[in-house]
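Trainee: So the sequence shown is numbered by the numbering used here: it starts at -12 and just counts up by one.
Just passing along the structure, written as structure tokens.
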Amino acid sequence: MIQFKEEGNYQEGALVLVDKPLYWTSFDVVNKLRWCLRATCGKLKVGHAGTLDPLATGLVIICMGRWTKEIEKYMGQQKEYVAQLTFGATTASYDLETPVEGNYPWRHITREFFDEVLQKFIGEIEQVPPVFSAVRVDGVRAYEKARKGKGPEMQARKVYIKEIEVVRFELPVVELRVVCGKGTYIRSLAHDLGQACGSGAYLSALRRTAIGAFRVEDANNMEDLVACLQKRL
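Here it is as structure tokens:
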């Protein structure tokens, strides 16, 4: 989906829904689209309305031209994810960016017990962001310090989780659908659920399926979008 304030005029304003590929950063998407439009649009403002980790796929909202003034509005909207958690192990990054650093029992976790634990994570909760995250600590991105072995002390903050639904329960893997507010880290949720279950857990896959009323089903495949823009050039 591509919406224009004035048909075909990217400078006047365009909103593009992108299904971000695995291993791409949100900035990779921004830079690629800016590069594709460089010949016809010159110096074009392009920005994304919310970072999605390289190891995640799914919906990213890209704003162009005058539509970039509305980025904050989209960043504050409710988001939906489908998350795969692997129990019985932890990583420093809370996902697959870093290697497993500890192993824990998981066979004691029953579906009934897990459902009870989940209830504690619905509503307003306190959450500590991962040390491997883009949160700024003393003006520096936390992940920059963490990758140098100087991980900063992360402070807890309040986030809001509206819904958690179990999509698949096949331990040691559990798949969840999570609807949450701005600033929620699904990696931290995975880590905290592991601890709450008397085990360990990390995020082994993540897909963002919605931002506000926008759905990933309506998003452009990145490869097709690039091919379309290059064809117009």
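C-beta: ideal position from N, C-alpha, C; glycine also.
Owing to the predicted nature of the structure, the values given are computational and were not obtained by experimental measurement.
Please report how far the alpha carbon of residue 166 lies from the alpha carbon of residue -2, in whole angstroms.
Mentor: For the purposes of this step, residue 166 is identified with residue 179 of the sequence shown, where counting begins at 1. For the purposes of this step, residue -2 is identified with residue 11 of the sequence shown, where counting begins at 1. Approximately 33 Å, taken between the alpha carbons.
Trainee: Run the CB neighbour count on residue 174, radius 10 Å, all protein chains shown included, and call it buried at 16 or more, exposed below.
Mentor: Start at 1 with the first residue of the sequence shown, and residue 174 comes out as number 187. So residue 174 ends up on the buried side.
Trainee: Starting from residue 6, follow the beta strand (DSSP E) in both directions and report where the run begins and ends.
Mentor: In the sequence shown, residue 6 corresponds to position 19, counting from 1. From DSSP, the beta strand (DSSP E) with residue 6 extends over 1 to 7.
Trainee: Per DSSP, residue 68 is paired with what?
Mentor: Stepping through the sequence shown from its first residue, residue 68 is reached at position 81. Answer by DSSP bridge pairing, in chain order: 165, 195.
Trainee: To the nearest angstrom, how far is it from the Cα of residue 21 to the Cα of residue 106?
Mentor: Taking the first residue of the sequence shown as position 1, residue 21 is located at position 34. Taking the first residue of the sequence shown as position 1, residue 106 is located at position 119. So the alpha carbons of these two residues sit roughly 43 Å apart.
Trainee: Run through the DSSP bridge pairs and tell me what residue 45 is partnered with.
Mentor: Within the sequence shown, the letter at position 58 stands for residue 45. Note: residue 45 sits in a beta bridge opposite 7, 195.
Trainee: Provide the residue span of the beta strand (DSSP E) that contains residue -9, from first to last.
Mentor: Taking the sequence shown and counting its residues from 1, one reaches residue -9 at position 4. Taken as a continuous stretch (DSSP letters only), the beta strand (DSSP E) holding residue -9 covers -11 to -9.
Trainee: Could you tell me the alpha carbon to alpha carbon distance between residue -7 and residue 0, rounded to whole angstroms?
Mentor: Here residue -7 refers to the residue found at position 6 of the sequence shown. Here residue 0 refers to the residue found at position 13 of the sequence shown. Each residue's Cα considered, the two are about 7 Å apart.
Trainee: Touching or not, the region 189 to 208 and the region 78 to 87, by the rule of three or more beta carbon pairs under 8 Å?
Mentor: Verdict: yes, contact present.
Trainee: Residue 144 and residue 114 - do their beta-carbons sit closer together than 8 Å?
Mentor: Locating residue 114 in the sequence shown gives position 127, counting from the first residue. Locating residue 144 in the sequence shown gives position 157, counting from the first residue. Closer than 8 Å, so yes.
Trainee: Does the distance from the CB of residue 54 to the CB of residue 158 come in under 8 Å?
Mentor: On the sequence shown, residue 54 is found 67 positions in, with the first residue counted as 1. On the sequence shown, residue 158 is found 171 positions in, with the first residue counted as 1. Their beta carbons are not under 8 Å apart, which means residue 54 does not touch residue 158 by this criterion.
Trainee: Pull up the DSSP beta-bridge partners for residue 18, would you.
Mentor: Stepping through the sequence shown from its first residue, residue 18 is reached at position 31. DSSP output for residue 18 lists no bridge partner at all.
Trainee: Terminal residues of the continuous alpha helix (DSSP H) containing residue 25?
Mentor: For the purposes of this step, residue 25 is identified with residue 38 of the sequence shown, where counting begins at 1. Taken as a continuous stretch (DSSP letters only), the alpha helix (DSSP H) holding residue 25 covers 25 to 28.
Trainee: Among 153, 51, 100, 201, which one has its Cα closest to the Cα of residue 2?
Mentor: If you number the sequence shown from 1, residue 2 lands on position 15. Closest option to residue 2, Cα to Cα, is 51.
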